[in-house]
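Residue numbers (my numbering), protein chains in the order written: chain E, 1 to 401; chain C, 1001 to 1103. Please read the structure below before turning to the comments.
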């Protein structure tokens, strides 16, 4: 019997399996995952409690079976026969499908310098467990890559009184996804907490107890973690002849170049209204794309248009970003009691917002900003800058207009 | 049932929430758009996140981390990833003072 088959049991694949049921699909749903566990959430991996990495399951085995989801774990999908609607599995089985969802995710980009094999990745539960079971108080960890994952790890390690060096090729950390005002504040906070930055530096090599930079500087460390980003897992799609680029290319309905095959989450590069394809790597995106893909697999015709949103916790600071802030946007600062909010305008229209503050204190404002962005308004910059102007009132008047 | 004083009514903004810690537990106290006062357990049932940091719109509170949502009048989980309902507690205003029954 054929039905829905999902490759990848991360946040996107698992969410899609349940969303198919919520959409009323009653045929068979098969979820195939390579890792030997129940589907689990990745965000908690960088936040171990008492030194123990938590595995927070996305759902229980009972929930999977109650929803009639056939979960095949510890098994890789090896080949798609798109003409026959078949999927070949690593254990030799063949699954046939009416609709296939590729939620293959992404894998860590690997270093290429001499000694690269000494660096640990940080993506899966097994990776996190390998790192946190080896670190010890008084030791030193060298993190290669000053992106969100590297900086979250740095904050956790400093909280355990472990020495941290961060090596970044770019002139500053967090340059890719975080607006400059907040990346500078986070960098300053990391420096106050004793993190050593080596910026604008390439690697000459990784030795058994040190990392050597391109300029010859030797950075000693017991453990080296590579956090230089991820590459989308497109191999199976490419081999099947699907269109790929920086990800598996989809249209706005999250359909790949084969109308029976969909893609969602970290692996999917989705066509944008203005042209081109964009791939997002976030928990929230994985879930919302999974829902759209599942609905369309079950027969709906929804376009994916969720506004990107992510958060990052470092020390007691919470960063939240909604929309895609770009260097060319006009930025407007709103100081708040608990932190700072910045709005980003493009030709007068609100398109993005970011905030940094204590814990989750700015979450409300970011959520309101997201709704204001969705409302498509051209706000008065003076209103955005003035903390006394209530964003909820602004939203209500925008919706009433 | 023990009534515990919380704060003054005007200390909670309309369509807003505050966190209230008492007896080693944490609660969220809401003032609805109808100026009604409501009380729920303080932490989201999905992960231990303080709901009082979340956005209150109409009679919904949204978790500030994962966007799970609850009807704070009944505690009903309205949106994933929250699937377990929140516990609710009686709340009232007496002479301008908010109090909740936590016993």
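No residue lacks a Cβ here, since even glycine has one placed at the ideal position from N, Cα and C.
Tell me whether residue i sits in a helix, a strand or coil according to DSSP, three-state version.
i, result
"residue 1011 of chain C", "helix"
"residue 1 of chain E", "Confidence at residue 1 of chain E is low in this model, with a pLDDT of 47, below 50, so its placement is unreliable and no value can be given for it."
"residue 327 of chain E", "coil"
"residue 1035 of chain C", "coil"
"residue 362 of chain E", "coil"
"residue 255 of chain E", "strand"
"residue 223 of chain E", "strand"
"residue 1059 of chain C", "coil"
"residue 149 of chain E", "helix"
"residue 18 of chain E", "helix"
"residue 184 of chain E", "helix"
"residue 483 of chain E", "In the structure as shown, chain E starts at 1 and stops at 401, and residue 483 of chain E therefore has no counterpart that could be examined."
"residue 281 of chain E", "coil"
"residue 399 of chain E", "helix"
"residue 245 of chain E", "strand"
"residue 1019 of chain C", "strand"
"residue 383 of chain E", "helix"
"residue 262 of chain E", "strand"
"residue 449 of chain E", "Look at the range of chain E in this structure, 1 to 401, and you will see that residue 449 of chain E is not part of it."
"residue 377 of chain E", "coil"
"residue 110 of chain E", "coil"
"residue 116 of chain E", "helix"
"residue 25 of chain E", "coil"
"residue 1050 of chain C", "strand"
"residue 42 of chain E", "coil"
Quick one: which chain E residues come within Cβ less than 9 Å of residue i?
i, result
"residue 1097 of chain C", "Going along chain E, no residue has its Cβ under 9 Å from residue 1097 of chain C, so there is no contact; the nearest lies around 25 Å."
"residue 1015 of chain C", "392"
So residue i contacts chain C; which residues on that side make the cut at Cβ distance below 9 Å?
i, result
"residue 359 of chain E", "1050, 1053 and 1064"
Could you tell me whether the Cβ of residue i comes closer than 7 Å to any Cβ of chain C?
i, result
"residue 363 of chain E", "yes"
"residue 396 of chain E", "no"
"residue 367 of chain E", "yes"
By DSSP's criteria, residue i is part of a beta bridge. Which residues make up the other side?
i, result
"residue 190 of chain E", "Bridge partners of residue 190 of chain E: none, in fact."
"residue 1089 of chain C", "C:1039"
"residue 86 of chain E", "E:81 and E:96"
"residue 1005 of chain C", "C:1099"
"residue 33 of chain E", "E:73"
"residue 335 of chain E", "E:340"
"residue 197 of chain E", "E:166"
"residue 206 of chain E", "E:211"
"residue 317 of chain E", "E:314 and E:358"
"residue 141 of chain E", "E:164 and E:223"
"residue 1074 of chain C", "According to DSSP, residue 1074 of chain C bridges with nothing at all."
"residue 232 of chain E", "E:106"
"residue 322 of chain E", "E:309 and E:353"
Taking C-beta pairs closer than 8 Å, name the residues in chain C that residue i reaches, listed in chain order.
i, result
"residue 47 of chain E", "In chain order: nothing, as chain C lies at least about 10 Å away."
Counting beta carbon pairs with one atom in the stretch 1011–1019 of chain C and one in the stretch 338–358 of chain E, are three or more of them shorter than 8 Å? Of all C-beta pairs linking the stretch 338–358 of chain E to the stretch 1011–1019 of chain C, fewer than three are shorter than 8 Å, placing the two stretches out of contact.
Any chance the stretch 328–340 of chain E sits against the stretch 1022–1042 of chain C, with 3 or more Cβ pairs inside 8 Å? Taking a cut-off of 8 Å on C-beta distances, the stretch 328–340 of chain E does not touch the stretch 1022–1042 of chain C, as fewer than three cross pairs fall below it.
So, does the stretch 163–170 of chain E touch the stretch 138–148 of chain E, judging by three or more C-beta pairs under 8 Å? Touching, yes.
Would you call the stretch 378–397 of chain E and the stretch 332–347 of chain E touching, i.e. three or more CB-CB distances under 8 Å? Enough Cβ pairs lie closer than 8 Å, so yes.
The stretch 254–262 of chain E / the stretch 96–113 of chain E touching (three or more Cβ pairs under 8 Å): With a cut-off of 8 Å, the stretch 96–113 of chain E and the stretch 254–262 of chain E count as touching, because enough Cβ pairs lie within range.
Check whether the stretch 311–324 of chain E touches the stretch 117–135 of chain E, taking contact to mean three or more Cβ pairs, one atom from each stretch, closer than 8 Å. By the C-beta criterion, the stretch 311–324 of chain E is judged not to be in contact with the stretch 117–135 of chain E, since fewer than 3 inter-stretch pairs fall below 8 Å.
Would you call the stretch 73–86 of chain E and the stretch 182–190 of chain E in contact, with 3 or more CB pairs under 8 Å? Result no; under three Cβ-Cβ pairs closer than 8 Å.
The stretch 359–372 of chain E contacting the stretch 338–350 of chain E, beta-carbon criterion three pairs below 8 Å: The stretch 359–372 of chain E vs the stretch 338–350 of chain E: in contact.
Are the stretch 1069–1082 of chain C and the stretch 1041–1052 of chain C in contact at 8 Å, needing three or more beta carbon pairs? Result yes; three or more Cβ-Cβ pairs closer than 8 Å.
Decide yes or no for the touch test of the stretch 239–257 of chain E against the stretch 292–302 of chain E: beta carbon pairs closer than 8 Å, at least 3 of them. Because the criterion of three Cβ pairs below 8 Å is met, the stretch 239–257 of chain E and the stretch 292–302 of chain E touch.
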